[in-house]
Structure formats: C-alpha cells, structure tokens
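Peer 1: Anchor point for the sequence shown: position 74 equals 74 in full-length UniProt numbering, and the numbering is continuous, going up by one each time.
Glycine residues also receive a C-beta, built at the ideal position from the N, C-alpha and C atoms.
Computed from a predicted model, the values in this text were never measured in an experiment.
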Amino acid sequence: MARIFFNGQAMVGGPFHDKVADALIGPVRTAPGYRFFSIDHSGGTDVCPGLLADPAVDSAIEGELYDVSLERLRDVILPGEPRELELGVIELADGSACLSMLLARGELERGVHREITHHGGWRAYLATLGRTA
1 MARIFFNGQA MVGGPFHDKV ADALIGPVRT APGYRFFSID HSGGTDVCPG
51 LLADPAVDSA IEGELYDVSL ERLRDVILPG EPRELELGVI ELADGSACLS
101 MLLARGELER GVHREITHHG GWRAYLATLG RTA
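1) Between which two residues does the alpha helix (DSSP H) harbouring GLU107 extend?
2) Take the Cβ of GLU62 as the centre, count every other Cβ of all protein chains shown within 10 Å, and call the residue buried at 16 or more, exposed below.
3) Which same chain residues end up closer than 7 Å to LEU78 when comparing Cβ atoms and leaving out the 5 residues on each side of it in sequence?
4) DSSP on THR117, reduced to helix/strand/coil?
5) Across which residues does DSSP place PRO27 in a beta bridge pair?
6) Just the C-alpha distance for ALA127 and LEU65, rounded to the nearest angstrom, thanks.
7) Mind checking residue 141: buried by the 16 CB within 10 Å criterion, or exposed?
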C-alpha cells in the first residue's frame, strides 16, 4: 500500500473520486514550501492542479490523503494523469512523507500554467471560477 496526497479531481466531489473513494484517509495539508498551479490553463480549461516544491515559500496546500495499492496506482491512477505531472514525494503538515503528483520537470519554464498558490487549494480556486469540480 502507498499513501498518496490528492489535491484535485480525485478528491471528494471530483470527477475521479469514485476510482479511489474506498481508500480515503481524510483531509490533510502539505507542509509549508509548496507552490500550486492550474494545469493547461493556457487553453482556458483549468484541467487539474499541480504542486511544485519550493523551499523559498511558506505556503501549504489543502488536499486529501489516500491509501492505495501499488497495483491501483500503476494500473488506474498513473495512466490517467496528464503529461504535465509526475509522481513524486512530498511532506505533509505532520512531517510525514507521501506520494503526490507534482508539476513535471520543465513545466514551470514553459510558462503556460497559472499559479494559484494564494488560493491554498483546488476547491478554493474553482470557487473563484464558479465551479465545484
């Protein structure tokens, strides 16, 4: 089993939550030191969020923690992730480590993803767009 932090469409109420609903542990926050981006915003679609570790910032991001099998991670979760994200390890507010989908190397430099760190989470950002998912 692997603990994974979701901060977008797999969270409760999101379109992909049914794929992981039985693995939910509960709401959590990252430790300080993460930036947050809306992926594919350049096309105006706000497809999903992506985390980026940045020790120079003091922001923490809201999400949910799940405990999934490595097989589910390999066969169900990772194949559905956009190419702009990659699997990595983050630190949670309690100091523990877990997996999460991070902004892939080279994506920040492309300059096409909107930074939404100041919203503190995907749901808060979507609310500014009048969306819930």
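Peer 2: Based on what the coordinates show:
1) Translated into the one-based positions of the sequence shown, residue 107 becomes position 107. Start and end: 107 to 110.
2) Locating residue 62 in the sequence shown gives position 62, where the first residue counts as 1. The residue is buried, with at least 16 neighbouring Cβ atoms inside 10 Å.
3) Here residue 78 corresponds to residue number 78 of the sequence shown, with the count starting at 1. LEU87, listed in sequence order.
4) Within the sequence shown, the letter at position 117 stands for residue 117. THR117 falls in the helix class under three-state DSSP.
5) Walking along the sequence shown from the start, residue 27 turns up at place 27. DSSP links PRO27 through a beta bridge to GLU64.
6) Here residue 127 refers to the residue found at position 127 of the sequence shown. Here residue 65 refers to the residue found at position 65 of the sequence shown. In a straight line, the C-alpha of ALA127 is about 21 Å away from that of LEU65.
7) Here the chain has residues from 1 to 133 only, and residue 141 is not among them.
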